[in-house]
Structures are given as C-alpha cells and as structure tokens.
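Each remark here refers to the structure printed beneath this line.
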Amino acid sequence: RTERSHSGLGLAITQQLVLAHGGTIDVQSEPGKGTTVTIRLTGMS
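Structure, rendered in structure tokens:
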C-alpha cells in the first residue's frame with residue numbers, strides 16, 4: 010500500500026449523518042500507529 014494524501018468526502022458526510030441523528034463522532038489519530046473513529050448513536054424509541 011502506498012501512502013497518499015486524500016481529501017475525500019467520506020468522513021465529512023459521515024459526520025453530517027451522525028450529527029443529524031443526534032450522535033457523536035470522535036477521531037483519534039497517532040502518526041505511525043493509525044486512526045480510530047468512534048461513532049455513538051443514541052437509541053430511538
């Protein structure tokens with residue numbers, strides 16, 4: 010796999026969808042170790 014710079018819309022779209030449904034999104038990134046994305050959605054009744 011070759012490292013490249015990307016400016017895709019995937020995460021931006023995901024954030025808008027999560028926020029629209031009352032959720033939260035958290036991104037933690039460590040150079041050389043990777044990135045963790047946590048999405049929390051509230052339960053619906």
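Numbering follows the numbering used here, in which position 40 of the sequence shown is assigned residue number 49; successive positions increment by one, without gaps.
Yeah, the Cβ is synthetic: ideal placement off N, Cα and C, and Gly gets one too.
This structure is a prediction, so every number in the text was calculated from the model and none was measured.
In whole angstroms, what separates the C-alpha of Gly5 from that of Val36?
With the chain covering 10 to 54 only, the question about residue 5 has no answer from this structure.
Does DSSP put Thr33 in a helix, in a strand, or in coil?
DSSP places Thr33 within a strand segment (E or B) once states are collapsed to three.
How many whole angstroms separate the CB atoms of Thr51 and Gly19, which I take to be in contact at a CB cut-off of 8 Å?
Not really, about 22 Å apart at Cβ, beyond 8 Å.
Quick check: the Cα distance between Gly17 and Leu26, rounded to an integer number of angstroms?
For Gly17 and Leu26, the distance between alpha carbons rounds to 16 Å.
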